[in-house]
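**Q** Have a look at this one.
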Amino acid sequence: MITAIYPGSFDPVTYGHIDIAERALRIADRVIIGVLNNSEKTPLFSTEERVKMLQDTVGKKYPDIKIESFSGLTVDFAKEMGANLIIRGLRAVTDYEYELQMAQINYKLYPELETTFLMSNIKYSFLSSSIVKEVAKYGGDISHFVPSVVEQKLREKL
Ligand code: PNS
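Heads up: the sequence shown is residues 25 to 182, going by the working numbering.
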């Protein structure tokens with residue numbers, strides 16, 4: 025039985041994240057999205073807001089995907105969830121170094137937990153939460169990048 029966690033900041037969730045979550049369901053029996061509650065980063069959206077946007081998008085479409093928040097180490101969250109797999113999306117070669125470092129550290133911390141990468145759909149290979157926030161800040165059209173509920177939340181926030 026494969027229980028996968030898909031951890032991230034999701035500040036906010038984009039179509040790229042949704043695509044990875046959907047495809048994670050094809051490999052794992054259970055998928056749990058973990059929203060990092062990180063006191064060192066200052067996200068635009070609170071943890072509760074980020075969880076809610078995921079519930080309103082991914083959660084509505086895929087009720088089997090659980091959405092949780094976590095603090096601390098991803099490996100500890102994985103243990104708590106009884107997970108044996110971490111899923112991460114890879115958009116381009118620029119993601120590789122950071123992802124490799126995280127995967128290796130996580131493996132050292134908890135060797136029973138594997139990391140697997142899903143190549144982002146080419147449609148979303150340029151997409152990131154940061155870029156979406158920047159475009160939204162200057163009034164650009166973000167409707168191709170995020171679901172309408174997220175678009176609305178971004179407009180309210182900015
Ligand atoms: O969406 P992001 O910001 O790229 O996700 C990064 C995340 C949350 C996966 C990463 O920062 C993380 O795992 N943070 C938890 C702290 C941790 O476990 N650190 C050790 C691995 S680098």
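Just so you know, even glycine gets a beta-carbon here, dropped at the ideal spot from N, CA and C.
In terms of alpha-carbon separation, which member of V117, V59, M126 lies closest to F13?
**A** Lying outside 25 to 182, the shown extent of the chain, residue 13 is not represented and no answer is given.
**Q** How would the residue list near the ligand PNS read, in chain order, if you kept each one whose beta-carbon is closer than 5 Å to any heavy atom?
**A** P31, G32, S33, L60, L97, T98, M126, I129
**Q** How about P31 and S153: are their beta carbons less than 8 Å apart?
**A** no
**Q** Which word fits H41, buried or exposed, when buried means at least 16 other C-beta atoms lie within 10 angstroms of its C-beta?
**A** buried
**Q** Could you compute how far the alpha carbon of F94 sits from the alpha carbon of T71?
**A** 9 Å
**Q** Does the ligand MN have a heavy atom nearer than 7 Å to the CB of G163?
**A** Absence of the ligand MN from the depicted structure is noted, with the ligand PNS being the only ligands included.
**Q** Since I believe D80 is in contact with Y148 (beta carbons under 8 Å), could you give me their beta-carbon distance rounded to a whole number of angstroms?
**A** D80 and Y148 do not touch by the CB rule: their CB atoms are close to 19 Å apart, not below 8 Å.
**Q** So does the stretch 82-92 actually touch the stretch 125-141, counting three or more Cβ pairs closer than 8 Å?
**A** Contact fails: fewer than three Cβ-Cβ distances are below 8 Å.
**Q** For P171, count neighbouring C-beta atoms within 10 Å of its own C-beta (all shown protein chains included) and say buried if the count is 16 or more, exposed if not.
**A** buried
**Q** Grouping DSSP H, G and I as helix and E and B as strand, with all else coil, what is R115?
**A** coil
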